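> Mind looking over this structure? Questions follow.
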Amino acid sequence: MLVPLLRREADTVDMTIRLVSEHALTRVHRKKYKETHGRLFLIWEKYEDEETSTSQLLLACSRIAGLGPDNPMTRFMTKTSFEEI
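All letters in the sequence shown, in the order written, are residues 37 to 121 by the working numbering.
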């Protein structure tokens, strides 16, 4: 029972490797993650251009990822609004 299953898996891997090498198989990016990554890259570019501080970068990244606080005090502490990001 295990041997046929492993054989099918090996065949699938071989096919996937061949498709990837022929550029026939590409990654599927979900819209939600593309938007999130875009917003993260945008805030990172602002940080690299010294338009934002490290604290602002970390707060914005945590908000974009949905992990950080989003309260009036946090908004008050950041000098730049990242709502559009």
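For every residue, glycine included, the Cβ atom is placed at its ideal position computed from N, Cα and C. Note that the structure is a prediction, hence the values are computed from the model and not measured.
What does a CB cutoff of less than 8 Å around threonine 72 pick up in its chain, not counting 5 residues either side in sequence?
Here the set comprises Ile100, Ala101.
> Hey, out of Cys97, Lys70, Lys68, Tyr69, whose CA is closest to lysine 82's CA?
When each option's Cα is compared against that of lysine 82, the closest is Cys97.
> Measure the C-alpha to C-alpha separation of valine 49 and glutamate 84 and round it to an integer number of angstroms.
Cα to Cα, the separation comes out at about 40 Å.
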